[in-house]
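**Student:** Positions 315 to 886 (the working numbering) are the ones given, in order, by the sequence shown.
Each residue gets a CB set at the ideal place from its N, CA and C atoms; glycine is no exception.
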Amino acid sequence: MKTFKSFILSIFVVGLFSCTKDFIDINKDPNAITANQASAKYFLTVPQYKLYAPDNFPYWRAMLIHADRFAGYFTFGDNYSWWSDELAYKYDPAYTDATWDFFDGYFGQLDNYMKLTAPKGVFANKYMYAVGQVMKGLYFQMYTETFGEIPYTQVGDSSIVLPAYDTQQTIYKGIIADLNAAMATIGDSTRTGQGIQDLGSNDLYCNGDLQKWKKLANTLKLRIGMRALGSPGDDFATTTITEALSKDLLSTDADNVLMQKDNVISKWNSDSYAGAWLDFGGFGSGGGWTISKPMIDNLRNYKDPRLVKFAKPAIGGTFKFSKPKEGSDNTLWPKRVAFLLKTLDDAKAVYTKTGNEQTDTVITITMPANVNYVGQPVRLNGFMSPLIRREFFCTPTDYFVVKKGTTSNIYPEIVLTTAEAYFLKAEAIVRGVGGASGDANTTFQDGIRRSMKMWGCADGDIETYIASSDLANISSGSMDQKIEKIATQRWINSFTEGFEGWAVVRKLGYPLELANGVSDPDIYGLGDTNGKYPERMIYGSSAKSKNAANLAVAVSRQGPDAEDTKLWFSQP
Numbered sequence: 315m316k317t318f319k320s321f322i323l324s325i326f327v328v329g330l331f332s333c334t335k336d337f338i339d340i341n342k343d344p345n346a347i348t349a350n351q352a353s354a355k356y357f358l359t360v361p362q363y364k365l366y367a368p369d370n371f372p373y374w375r376a377m378l379i380h381a382d383r384f385a386g387y388f389t390f391g392d393n394y395s396w397w398s399d400e401l402a403y404k405y406d407p408a409y410t411d412a413t414w415d416f417f418d419g420y421f422g423q424l425d426n427y428m429k430l431t432a433p434k435g436v437f438a439n440k441y442m443y444a445v446g447q448v449m450k451g452l453y454f455q456m457y458t459e460t461f462g463e464i465p466y467t468q469v470g471d472s473s474i475v476l477p478a479y480d481t482q483q484t485i486y487k488g489i490i491a492d493l494n495a496a497m498a499t500i501g502d503s504t505r506t507g508q509g510i511q512d513l514g515s516n517d518l519y520c521n522g523d524l525q526k527w528k529k530l531a532n533t534l535k536l537r538i539g540m541r542a543l544g545s546p547g548d549d550f551a552t553t554t555i556t557e558a559l560s561k562d563l564l565s566t567d568a569d570n571v572l573m574q575k576d577n578v579i580s581k582w583n584s585d586s587y588a589g590a591w592l593d594f595g596g597f598g599s600g601g602g603w604t605i606s607k608p609m610i611d612n613l614r615n616y617k618d619p620r621l622v623k624f625a626k627p628a629i630g631g632t633f634k635f636s637k638p639k640e641g642s643d644n645t646l647w648p649k650r651v652a653f654l655l656k657t658l659d660d661a662k663a664v665y666t667k668t669g670n671e672q673t674d675t676v677i678t679i680t681m682p683a684n685v686n687y688v689g690q691p692v693r694l695n696g697f698m699s700p701l702i703r704r705e706f707f708c709t710p711t712d713y714f715v716v717k718k719g720t721t722s723n724i725y726p727e728i729v730l731t732t733a734e735a736y737f738l739k740a741e742a743i744v745r746g747v748g749g750a751s752g753d754a755n756t757t758f759q760d761g762i763r764r765s766m767k768m769w770g771c772a773d774g775d776i777e778t779y780i781a782s783s784d785l786a787n788i789s790s791g792s793m794d795q796k797i798e799k800i801a802t803q804r805w806i807n808s809f810t811e812g813f814e815g816w817a818v819v820r821k822l823g824y825p826l827e828l829a830n831g832v833s834d835p836d837i838y839g840l841g842d843t844n845g846k847y848p849e850r851m852i853y854g855s856s857a858k859s860k861n862a863a864n865l866a867v868a869v870s871r872q873g874p875d876a877e878d879t880k881l882w883f884s885q886p
């Protein structure tokens with residue numbers, strides 16, 4: 315509710331400072347907001363939650379349908395789903411435009427805050443402005459890694475109606491410059507001011523703690539440096555990594571930058587997964603989903619304690635499947651049933667089957683309730699849907715889909731985690747870049763500890779996993795083998811933050827089951843990429859209609875406006 319109240323107060327403050335009357339006249343009203351009650355802090359909260367938990371439309375279509383599924387976290391295509399899991403892998407402007415419009419329309423909210431806090435702004439405050447610079451970096455990093463070249467250097471200039479598109483190198487360098495400036499401004503300061511000038515609880519990311527903002531900025535800087543490393547013509551990554559590693563990174567459990575959800579505000583203002591999951595009927599709804607096979611496999615096969623934090627076991631039941639009477643569905647039925655059974659067997663699922671798919675027209679599968687942890691294969695085509703019972707697969711725990719307003723224990727949005735800082739440093743040590751020092755395996759395992767603690771795992775379970783799991787040890791093996799484990803742990807840690815998880819797969823190439831794409835059209839929906847892993851999203855319709863000339867220049871540099879066009883950061 316605090317968020318909503320802050321937003322309302324912001325409206326009053328806007329009215330106050332846009333009024334043409336002399337301020338003294340306004341101040342005569344004993345009920346009016348006075349000068350010492352006005353602050354830019356009231357303009358920060360909305361752009362913060364709108365970036366990671368926007369309203370229902372972009373949350374569903376940008377975060378869930380695209381980012382979380384491209385990252386390989388969630389899957390559609392089961393028997394209840396409105397869509398096959400090919401959705402989003404085939405271009406549909408009704409869905410793609412929601413993502414473009416979300417990013418394109420967001421900047422004005424943050425820009426308003428930054429203009430207010432700039433040196434000549436109404437609420438000039440260099441520390442608040444520094445916070446805005448870091449947020450700008452978080453925003454543009456997600457934006458460019460979703461589409462590639464985007465307007466950047468000319469955005470926010472009121473004299474330029476149609477801004478030029480910038481290369482990803484230019485954008486990364488600009489973000490790094492902003493982060494450096496923000497960290498220099500913050501220095502040793504801890505708060506943005508006293509009283510009304512302290513961001514405090516209006517700051518949903520760091521609660522007004524400037525030193526935490528500084529570590530966030532430096533960790534984001536390291537992320538971008540590692541992302542750019544090795545890309546064609548890279549001339550800044552190594553320096554960026556070296557600088558970041560020489561300063562403080564997010565390092566403690568308290569350093570995790572997580573945005574707690576507003577438990578009361580309407581989904582039309584700030585949504586959560588429950589907005590799609592519960593409002594369309596819950597488990598058996600067309601808007602529901604399952605957790606992917608790559609995620610469940612990497613948790614279950616290594617006895618990862620995060621498994622029970624992320625997933626509910628399959629609900630199970632007894633289900634009869636009849637062979638279609640004609641056409642390709644009839645011909646391919648034995649193959650498709652065999653695929654389903656192999657999926658269950660690979661997960662070591664407990665179930666019984668009567669009938670033979672090769673000779674019989676009916677088979678029955680019975681699975682006990684709440685015993686099996688089975689992930690649904692990604693990118694299944696629509697013809698598989700009758701066989702893909704949602705009851706056979708894991709679904710999210712209540713922590714992720716609990717109805718807002720019923721409990722305060724609802725998952726937070728991930729901004730940037732302490733675990734990622736350790737994983738980034740471990741990768742730098744393994745690659746021998748940036749003067750990274752220390753033991754790679756120790757650093758890597760510290761990252762796992764931080765991740766598991768963030769997700770609520772018990773200390774004993776964490777130490778058992780680290781001592782026994784091959785996925786938690788990089789003390790031996792080739793560089794590629796070590797990078798695979800680091801990438802996989804980063805990907806698991808980013809669960810629910812699909813934009814980052816997707817970027818990890820594109821840059822590092824793991825998990826392989828995702829990065830390698832799919833190839834069998836009898837089972838999978840190959841989409842517009844012919845089965846290849848999606849590298850980007852297609853530009854929105856508004857970009858093509860409003861700024862076509864500048865967009866054409868970007869496409870001529872970047873490559874075709876297609877999902878399989880590799881972006882600069884992911885090119886070898």
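Tell me, to the nearest whole angstrom, how far the beta carbon of G780 is from that of Q759; I am working on the premise that it is less than 8 Å.
**Tutor:** One point to set straight first is that residue 780 is Ile, not Gly, in the sequence displayed. With a Cβ gap of about 5 Å, I780 and Q759 count as contacting.
**Student:** The alpha helix (DSSP H) spanning F653 covers which residue range?
**Tutor:** Segment 641-660, the alpha helix (DSSP H) holding F653.
**Student:** Starting from V448 and walking both ways along the alpha helix (DSSP H), at which residues does that stretch end?
**Tutor:** Looking at the DSSP string, the run of the alpha helix (DSSP H) that includes V448 is 440-461.
**Student:** Please report the straight-line C-alpha distance between T802 and A740, rounded to a whole angstrom.
**Tutor:** Each residue's Cα considered, the two are about 13 Å apart.
**Student:** Mind the definition here: the region 351-365 touches the region 422-433 only if three or more C-beta pairs lie below 8 Å; say whether that holds.
**Tutor:** Flag = yes, the region 351-365 and the region 422-433 touch.
**Student:** Give the secondary structure of G752 by DSSP, where H, G and I count as helix, E and B as strand, and everything else as coil.
**Tutor:** It is coil, neither helix nor strand.
**Student:** If you draw a straight line from the alpha carbon of T389 to that of K880, how long is it in whole angstroms?
**Tutor:** Looking at the two C-alpha atoms, the distance is approximately 23 Å.
**Student:** Within its chain, find whatever has a CB closer than 7 Å to the CB of I728; leave out the 5 residues flanking it on each side and keep chain order.
**Tutor:** Correct list, in chain order: L572, S808, T810, E811.
**Student:** Run the CB neighbour count on W816, radius 10 Å, all protein chains shown included, and call it buried at 16 or more, exposed below.
**Tutor:** So W816 counts as buried.
**Student:** Would you give the residue range spanned by the beta strand (DSSP E) that L840 belongs to?
**Tutor:** No beta strand (DSSP E) holds L840; DSSP gives it neither H nor E.
**Student:** Are the CB atoms of A412 and P269 within a distance shorter than 8 Å?
**Tutor:** What the structure shows of the chain is the stretch from 315 to 886, and residue 269 is not part of that stretch, so it cannot be assessed.
**Student:** Can you tell me which of Y420, T431, G446 puts its alpha carbon nearest to the alpha carbon of N439?
**Tutor:** Here the closest residue by C-alpha is T431.
**Student:** Throw me the rounded Cβ distance for the A354 and F437 pair, which I believe falls under 8 Å.
**Tutor:** Yes, they are in contact, since the Cβ atoms of A354 and F437 sit about 4 Å apart, within 8 Å.
**Student:** From the DSSP output, in three-state form, read off F883 for me.
**Tutor:** DSSP places F883 in helix when its eight states are reduced to three.
**Student:** For N577, which residues of its own chain have a beta-carbon under 7 Å away from its beta-carbon, when the five flanking residues on both sides are left out?
**Tutor:** Closer than 7 Å at the Cβ level, and outside the excluded window around N577, lie K718, G719, S722, I724.
**Student:** Where does the unbroken alpha helix (DSSP H) through G831 begin, and where does it stop?
**Tutor:** Run containing G831: none; DSSP gives neither H nor E here.
**Student:** Classify E640: buried if its beta carbon has 16 or more other beta carbons within 10 angstroms, exposed otherwise.
**Tutor:** Under this definition E640 is an exposed residue.
**Student:** Rank N521, N686, E777 by C-alpha distance to the C-alpha of N570 and give the top, closest one.
**Tutor:** That would be N521, whose Cα lies nearest to the Cα of N570.
**Student:** Taking the DSSP output, what are the residues bridged to Q690?
**Tutor:** S606, per the DSSP bridge assignment.
**Student:** Does DSSP classify E705 as helix, strand or coil?
**Tutor:** E705 falls in the helix class under three-state DSSP.
**Student:** If you run the structure through DSSP and keep just helix, strand and coil, what is A478?
**Tutor:** Looking at A478 - three-state DSSP - the assignment turns out to be coil, as it is neither helix nor strand.
**Student:** D794 to I800, Cα distance in whole Å?
**Tutor:** Distance between the alpha carbons of D794 and I800 is about 10 Å.
**Student:** Three-state secondary structure (DSSP) at G522?
**Tutor:** Three-state DSSP puts G522 in coil, outside helix and strand.
**Student:** On the CB-based measure, 16 or more other CB atoms within 10 Å of its CB, does G539 come out buried or exposed?
**Tutor:** Burial call: buried.
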